[in-house]
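Chains as they are written, first to last, in our numbering: chain G, 1 to 365; chain R, 1 to 220.
Don't be surprised by glycine CBs; every beta carbon is placed ideally from N, CA and C.
Note that this is a predicted model, so its numbers are computed, not measured.
In what follows, a single structure is set out as structure tokens and then discussed.
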Amino acid sequence: MAARKTLGESLREHGVSRRGFLKFCAATASMMALPPSMGPVIAAALEKARRPSVIWLSFQECTGCTESLTRSHSPTVEDLIFDVISLDYHHTLQAAAGHQAEAAREQAMKDNHGEYLLIVDGSLPGPNSNPGFSTIAGISNYAMLQEAVAGAKAVVAVGTCSAFGGLPAAAPNPTGAVSVMDIVKDKPVINVPGCPPVPMVITGVLAQYLVFGKLPDLDEYHRPLAFFGQSIHDRCYRRPFYDKGLFAESFDDEGARKGWCLYRLGCKGPSTYNACATMRWNSGTSWPVESGHPCLGCSEPKFWDAGGFYEPLSAPLGTPGNTLLAAGAAGVVIGGVAATLAKHRAATAVAERQPVTVEELEQKL
Amino acid sequence: MSDPMGFLLWVKGPAFNFALAVFALGMLARLVEIFILGRKTNYAEAKGGEWGPGFKTMLTRTVADPGTFARAPFNVVVGWIWHIGFITALLLFIPHIELFRGVLGIAWPGLPNPVVDAVTAITILALVATLVHRTQHPVKKHISTPEDYLVWTVTFLPVLTGYLAYHRLVNPYPLILGLHILSVNLFLVVFPFTKLTHVFTAFIARWYNGAIFGRKGVQS
Ligand code: SF4
């Protein structure tokens, strides 16, 4: 493996000021819920970190995740962090195309075997579905993933499609799409879901890896706790309105104008874990709930199939009103029949009654 | 259904619909049967009205008489506490109101969450107390049937899982929310076939009692 520059050297080459760098480290520390005193520690660790080789595979995806990453408020230190990792293969961002590109991927995989980070965006057709649904250079996504995983140190699944299947896996899932986690069992998988994920979360996960040299603590869905540890709802600035029971009932009523809670308009914040509420979007300008739109729950599994975006979280799926009416009607009929039968039984019993006198009974004894 | 989110969608969707169907079918069948069977025709001359005394007794029998209270103060006080707590949490928690809106198309104002939260905590404690009492009190223990314990369980579980879900004490969240809804589904399925039907029949029975006495011109 070629001796790589340390991150500190690269940053200086890129003209990043020490001050800007320390600011980034402080932000990273707070993002990871570490005490501010960890800022300098992170700085020192990052300075010394070697640029890791990163191979980025894009499968059944819309490139929104890459867009999110590249449109992160540039130029910032986060972008440079990306410059200073060695992104050896990313078929949207790299200049090379065709065979050259694939050759670059194979070379990087060989040179950094066992060391590189594999990033995947997009779901892939599962082992039992037609591999032709998605191929790159004639290689099925499944085969390419298996080959790339073999030499990877860890896999980062960026975006909801690669983390949970996302849109391609939504019912009726025509391509038999599965997530990376469904396939990769023998290597650590870190999920960074979101449709797309917050750019700082993608870079933050990489920074965390560089700083601590180990993979982050994960939740049940393999999401880094530092970013996905709290629900949108628990960090939402509209939460006091939820607790007081003050809700916007439509998108332009008084409640909406006053910034009340969007639960009744379908907000999935209570069941969604992501960093939008704390890190926000567009250079920290705003985030969906702040702009007046309910959270769609895009960083959760099956979010496309989890009921209408504008239906409250607790609303049942399907048409329970009809169920209630139909079953109720059937109940009325059954109850009526049961009562009629009971009445009939009683009437027959009376009609067929055969009185017995005490004398007759005694004779029988 | 392989993952917590799939599980949540299943309990919210097909399972909830099934439970609702069993509940509506079972309950209406029982109620219609009760109403159609009615009571034996009374040929005696009526000495008073039925409706007024019927409704009056519906209320008066709801409050325990002093004798009952003196004999079993625990049953009366704790019984009242958890019944009110249960009904408050069921009907006045905002996400529940949204559920009623989804099923019945009607909604009403709710209570602030911290209030419902406190009420729920009290309800849990009261329900646990009723179980302890039932298992410790020699007479109660003797007369308790498996159905009593089943009914206690299906009543307790929705309250407990609701509390756990609200406070996010079990991860991942869709799992505990799913378990909460599953416990409610269980409650709905068991409802028409156990003494839980008293939610409806208790008031009907009280009305009949009052009406019979009213007709006879007696005070109940
Ligand atoms: S707007 Fe959404 S996330 Fe914010 S408090 Fe309301 S329900 Fe929770």
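Euclidean distance between Cα positions of residue i and residue j
| i | j | result |
| --- | --- | --- |
| A101/G | D111/G | 15 Å |
| S74/G | G151/G | For S74/G, the pLDDT reaches just 42, beneath the cut-off of 50, and the residue's location in the model is therefore unreliable, although a value from the coordinates is still provided. Answer to the nearest angstrom: the Cα atoms are 32 Å apart. |
| T160/G | L196/R | 44 Å |
| A261/G | N171/R | According to the sequence as given, residue 261/G is Cys; it is not Ala. So the two alpha carbons sit approximately 24 Å from each other. |
| K141/R | V132/R | 10 Å |
| V211/G | I232/G | 26 Å |
| V184/R | T145/R | 22 Å |
| D186/G | D3/R | 20 Å |
| F227/G | G194/G | 11 Å |
| N42/R | T348/G | 21 Å |
| G49/R | F35/R | 19 Å |
| G6/R | Q230/G | 21 Å |
| P125/G | R105/G | 21 Å |
| F193/R | E311/G | 33 Å |
| L59/R | F86/R | 19 Å |
| M279/G | V103/R | 37 Å |
| G217/R | N209/R | 12 Å |
| T323/G | L20/R | 7 Å |
| S68/G | I183/G | 25 Å |
| T319/G | Q107/G | 55 Å |
| G204/G | H222/G | 15 Å |
| P416/G | A70/R | Nothing in the structure corresponds to residue 416/G, since chain G is present only between 1 and 365. |
| V63/R | H83/R | 13 Å |
| F187/R | D252/G | 39 Å |
| K47/R | A346/G | 29 Å |
| G308/G | W51/R | 46 Å |
| W281/G | S291/G | 11 Å |
| V115/R | Q208/G | 41 Å |
| F200/R | L90/R | 16 Å |
Reduced DSSP category for residue i - H, G, I as helix; E, B as strand; rest coil
| i | result |
| --- | --- |
| W80/R | helix |
| A275/G | coil |
| S58/G | strand |
| E360/G | helix |
| W51/R | helix |
| K153/G | strand |
| T6/G | strand |
| D121/G | strand |
| N282/G | coil |
| S68/G | helix |
| S74/G | Caution is warranted here: a pLDDT of 42 is assigned to S74/G, below 50, making its placement in the model unreliable, and no coordinate value can be reported. |
| E88/G | Contrary to the premise, residue 88/G reads as Asp rather than Glu in this sequence. Strand at D88/G. |
| L262/G | coil |
| N17/R | helix |
| F193/R | helix |
| I97/R | helix |
| L218/G | strand |
| I124/R | helix |
| S220/R | coil |
| S140/G | strand |
| N322/G | helix |
| Y116/G | strand |
| V199/R | helix |
| V158/G | strand |
| S30/G | helix |
Rounded distance between the beta-carbons of residue j and residue i, thought under 8 Å
| i | j | result |
| --- | --- | --- |
| G110/R | I122/R | With 8 Å as the limit, G110/R and I122/R do not qualify as a contact, their Cβ atoms being about 18 Å apart. |
| Q60/G | S129/G | Their Cβ separation, rounded to whole angstroms, is 11 Å, which puts Q60/G and S129/G out of contact at 8 Å. |
| V201/G | V192/G | 6 Å |
| R264/G | F247/G | 5 Å |
| L127/R | V159/R | 7 Å |
| P73/R | F213/R | Not quite, the Cβ-Cβ distance comes to about 27 Å (not below 8 Å), so this is no contact. |
| K153/G | G213/G | Not really, about 11 Å apart at Cβ, beyond 8 Å. |
| L317/G | L9/R | 7 Å |
Residue burial classification, residue i (beta-carbon count within 10 angstroms, cutoff 16)
| i | result |
| --- | --- |
| N141/G | buried |
| R39/R | exposed |
| H180/R | buried |
| T19/G | Per the sequence presented here, residue 19/G reads as Arg, with Thr not at that position. So R19/G counts as exposed. |
| L11/G | buried |
| R331/G | For clarity, residue 331/G is Gly in the given sequence; the question names Arg instead. Classification for G331/G: buried. |
| T66/G | buried |
| M1/R | At M1/R, the pLDDT of 40 sits below 50, so the modelled position is not reliable; the number obtained from the coordinates is stated separately. M1/R should be labelled exposed. |
| P294/G | buried |
Contact with chain B by residue i, beta-carbon distance below 9 Å
| i | result |
| --- | --- |
| Y43/R | Here chain B cannot be found, since the structure's protein chains are G and R. |
* To do: Any chance you could list the residues with Cβ under 5 Å from a heavy atom of the ligand SAM, keeping chain order?
  => Absent from the structure shown: the ligand SAM. Ligands present: the ligand SF4.
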